[in-house]
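In the working numbering, the protein residues as written are 51 to 131.
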């Protein structure tokens, strides 16, 4: 889940929704989060005008895209690749 405290919280839904980890890196509110079909990574968009790709195994940002001119309200993966 994305939070206004600039973090992404990973949840384990099979274990009473306990949080597994907190990902940090955005400079402002996290507005959107999407997981890739394999579950190996997720992508987030924020009001800092950045998209970040997260390696969930390493629990760190693998790529930052800073080309947006405004807040990133939505992110998604294309299941076809």
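We put the CB at the ideal spot given by N, CA and C, even for glycine.
- Judged by DSSP in its simplified three-state form, residue 76 adopts coil rather than helix or strand.
- Here residue 115 is exposed: its Cβ has fewer than 16 other Cβ atoms, across all protein chains shown, within 10 Å.
- Shown here for residue 123: same chain residues with a beta carbon closer than 7 angstroms to its own, the five before and five after excluded, namely 81, 82 and 95 in chain order.
- Taking all protein chains shown into account, residue 52 has 16 or more neighbouring C-beta atoms within 10 Å of its C-beta and is therefore buried.
- Counting along the chain, residue 90 sits inside no beta strand (DSSP E), nor does DSSP assign it H or E at all.
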